[in-house]
Amino acid sequence: MNRAGKAYGGAPLGIWSGLLFTALALAGLVLTGVARPEETAAEAQRARGHDTACPPEADTAARTADGPDRDHNHLTPAEAAELDRRLNEALVTQQAPAKGLRKKVPTVVHVISASDGRGDLSDSTISRQINTMNKGFSGGYGYGADTGFRFKLRAVTRTVNDSWFEDFGEHESTMKEKLRRGDADTLNLYMLNLPNGMLGRSTFPQDYEKSPELDGVVVDYRTVPGGEREKFNLGFTAVHETGHWLGLFHTFQNGCEHPGDYVDDTPFESKQAAGCPEGRDTCDQTGRDPVHNFMNYSDDPCMSHFTRGQRERMTEHWAAFRA
């Protein structure tokens, strides 16, 4: 049983836990008393083996003021619990998803640029971003799990619109209603300028039923591989936000309180990571903080993997809301 063990049509549930909430992934949870495995020093080294530039943790307040905040997808414990409840409710009527699920996710990239050329990403850059996502979700950057999800680029749309590019918040609904393609199983990835240092944002799977036109992931165009966002330009913002799109919370959801991020094998963490604070341990429960996990706030060079528990949770959300 995992932390939020429920039942499929009355049968005990082993892999279904919860996470759901409102339009645009935030993050907040509740933890249970399951001890999670410790990230050892050797594992940490393997996790960051793809990169040598992994700076220590910066001051959190300074990072919020002076550096990018990875997203605004923070949930209160009550919001996270409600998403979890809705997940388990949906799973009661579903067959348990097969372990080792392989799913090719049709993906449409929407490039929104300014009339002066800012944000006009090349086809090769978009291809590199999709490749980065596939490598991240296959466990290719470290010792993490192969999630079974792969992203297949189906189309690229290009829109020159200064208002959309500069003020996403004001024009989100209009933009998405015009551009979005596909159904719940199609990832729509919007690339444009985001304000106030924000790197990205995403909807949760549970949001689709009430607001299908808003479903998708938005990332700042400078976070793509080779982009202008220093420390955040390996393309991992899209990986992180797509994790939300598939139902994951931040690893620091609910801090040291139960049930945390509703995933058994991600150690509890009192707050988000900044930089790359290897060896940090902010909670009394077993395990060092998962600073290398894609669902943390570490710099891109520090990130490397999803866990098997996160794979199961994404598979659950796919079966419940996107299949």
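Numbering (my numbering), first residue to last: 1 to 323. Beta carbons are placed, not taken as given, at the ideal position from N, Cα and C, and that holds for glycine.
Between the beta-carbon of V105 and that of R150 there is about 7 angstroms, and that keeps the pair under the 8 angstroms contact cut. For S270, same chain residues with a beta-carbon under 6 angstroms away, outside a window of 5 residues either side, are G255, C256, T282, C283 in chain order. With a 10 Å radius around the Cβ and a threshold of 16 neighbouring Cβ atoms, T174 comes out exposed. Assigned with DSSP and collapsed to three states, H292 falls in coil, not helix or strand. Going by DSSP, R158 is part of the beta strand (DSSP E) stretching over 149 to 160. Of the candidates T315, E278, E213, C276, T315 places its Cα closest to the Cα of V263. In the DSSP assignment, the residues bridged to K103 are F149. In the DSSP assignment, L189 falls within the beta strand (DSSP E) that extends over 187 to 192. By the Cβ rule, the segment 184 to 203 counts as touching the segment 217 to 237, because three or more pairs are nearer than 8 angstroms.
Taking a contact as a CB-CB distance under 8 angstroms, the pair V239 and G142 does not count as one, their CB atoms being some 12 angstroms apart. Taken through DSSP and simplified to helix, strand or coil, M303 comes out as coil. One thing to note: T132 has its Cβ within 8 angstroms of the Cβ of G235.
Here E312 is buried, its C-beta having at least 16 other C-beta atoms within 10 Å. Annotated three-state conformation of G136 is helix, per DSSP. When Cβ pairs closer than 8 angstroms are counted between the two stretches, the segment 289 to 302 is seen not to touch the segment 115 to 123, the count staying below three. In this structure, the beta-carbon distance from H110 to L187 does not fall below 8 angstroms. When beta bridges are read from the DSSP output, D220 appears opposite L192. Under the DSSP assignment, S173 falls in the alpha helix (DSSP H) whose first and last residues are 168 to 179. At a Cβ-Cβ threshold of 8 angstroms, L192 and F168 count as neighbours.
The distance from the Cβ of G247 to that of P205 is about 5 angstroms, consistent with a contact at the 8 angstroms cut-off. Setting aside the 5 residues that flank it on each side, G144 is surrounded in the same chain by S304, H305, F306, T307, each with a C-beta closer than 7 angstroms to its C-beta; the list follows chain order. DSSP places L214 in no alpha helix (DSSP H); its state is neither H nor E. Distance from the CA atom of V156 to the CA atom of Q285, rounded to whole angstroms, is 45 angstroms.
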